[in-house]
Structures are given as structure tokens and as C-alpha cells.
Amino acid sequence: MRLRKRRDTHQYLEQQKNSVILQAQQYKGTWHEYFGNDHPIHVELGMGKGNFISELSYRHPEINYVGIDMYDELIRKASEKAIETHQLQEDGHIPNLALTLANINRIEDIFAPNEIERIYLNFSDPWPKKRHAFRRLTHPGFLYKYADILNEQGIIQLRTDSVSLFEFSLNAFANLGLRMYDITLDLHGQGTPEDHVFTEYERKFVSQGVRIHQCKVAVGKQALEAHLKRLEEEDGLRPIPGF
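Residue numbers for the sequence shown follow the working numbering, so the first one is 716 and each next one is one higher.
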């Protein structure tokens, strides 16, 4: 992604103290205190221009959202988008949204064990070369970190246009014994799901006829139990004993 950085971006971010966090490590283990409530915390890793997380935070005030990106100009764009979406003044406070400048490689320095409930991975860089596999956000090296910071209700949601990244991710989840569900190779094939929230890339890809792949992964024990209960209630399915 090629970004044209504005000269006053750093100054702008410092002024947005109501929603922008430049030193996320200081809140490790205290994010609920930051938000001032005990609502679930959902995190988008690599939020881009912020359309997805701004819209989610607007629709769901009962959930706290943290958007993370490593580029300050994208944090600025996300801040501007959030202000527009929430219909606020430029320095307005968004009580359930924090936009965070940070490197995902050190996510364990940002969140404490069991601190968050959901991770969104939207159109992450597929890093197609084999030697770069460790950089993919669904590489086991990252998955172990996610499993640590997710709580008992913890879920990962992956959305991508990349066939290679999707295949790699499904194998990575399976190799670690994680339960995948709601797997689709064409999210919009039968029409856009109700109440769907688009990312910037996704809207562009769908308009071009590109297929979008998505799946959810039950990481936490209670998330898995809830998924299995839904299967039994809806389809009469039960796990096979011994598996």
C-alpha cells in the first residue's frame, strides 16, 4: 500500500487523544479500565483506513473495539473515518473505539492473556513467497500468540480474497487442532449477508467480481462449546465419541 503522508499527521494524531493511542503497551492488562466498562473487546489487526472497525463500533456500542495498524497515516485516515461514521466533531470522544499505532509482531506486549474476545483478520498481506510464510498473520507463530490473549469466548474471523492465504490458514488452524466453522469460498456468491460490514478492499473486490473467502475459528473453550451446541440444536449433530 503506497501512502502519501501529510506533514501534520503526527501532530494530528497527538491531538486525537480521545480515540488514538500512540503507546499501546501502557494499556496491557488494563484495556477494560481504558474503556471504563467490562464489555467484550474485539480487535482488528491491520485495519487499513478503518471503515470496518468504525462501522462495527457505531453499530455495536455494547462491544469495545481496538483497531491496530503500524502506519501513522492509516491511523489518521481511520480516525477521520471514525469521526465521520460516528458523526462527531473533530476531537469527539468515541467511548467504544481505540485506534492504535503498533506493530502486530509484538501483540503480546499490547494485550494480556485472556484479555480480548475476538480477532478480525481482514485482507491481510498474503506474503505469497514461501520464505515469507512466517510473516502471514495466520502462521502458527501468530496463532500461538492469539490463543494466549483470547479469552474463553475467543474467536478468530478471517476474511481474504487470496486463495493461497486461505488454504495456508485452514491448514494452519487444522494443524493446531482448532475448530473452523462458517467456512465459505464465496461470501457474496448468494448475495451479501444481512448486516454485513465491508472493508475498503472488500467493496472494491466485490465490485470487480472477485470471490471473498471467510471462516471463523473457535479458539476459546466456551466458544467451541457454544458452536457445538448450535450444531446440535440446529442440525441434530453431535461429536463422534473418541474424536
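A virtual CB, placed ideally from N, CA and C, is assigned to each residue, including glycine.
Assigned secondary structure, residue i (DSSP; H/G/I helix, E/B strand, else coil)
i	result
Y896	strand
N766	helix
N886	helix
L865	strand
R926	coil
I834	strand
P855	helix
Q726	helix
Q741	helix
A827	coil
S772	helix
R721	coil
N752	coil
K844	coil
E909	coil
Q937	helix
D876	coil
L786	Going by the sequence as given, residue 786 is Tyr instead of Leu. Y786 falls in the coil class under three-state DSSP.
Nonlocal neighbours in the same chain, by C-beta distance under 6 Å from residue i, ignoring five residues either side
i	result
N818	M785
Y896	K931 and H942
S772	Y780, N811 and L812
F881	T875 and H928
G751	none
W842	R850 and R851
Y749	Y742
Residue(s) in a DSSP beta bridge with residue i
i	result
V932	I871 and M895
Y780	H757 and L812
V735	L814
Inter-residue Cα distance where the pair is residue i and residue j
i	j	result
R846	L737	31 Å
Q937	K720	43 Å
Q872	P908	15 Å
D990	S839	Past the boundaries of the shown model lies residue 990; the chain is included only from 716 to 958, so the question cannot be answered.
I778	Q802	19 Å
E830	Y859	15 Å
S794	P956	50 Å
K792	N766	9 Å
W746	P828	12 Å
Y742	I822	12 Å
I783	K944	32 Å
G951	R722	60 Å
V934	I790	28 Å
F883	K844	12 Å
H911	E949	22 Å
E729	I756	24 Å
G744	N820	18 Å
Close-in-space but distant-in-sequence residues of the same chain around residue i (CB under 8 Å, 5 per side omitted)
i	result
E947	R953
G904	R926
Close beta carbons around residue i, own chain, < 7 Å, minus the five adjacent residues each side
i	result
H854	A848 and A887
Q740	D824 and I825
E915	G763, K764 and N766
I898	C930
8 Å Cβ cutoff, residue i in contact with chain B
i	result
H942	Annotation note: the requested chain B is absent from the structure, which comprises a single protein chain.
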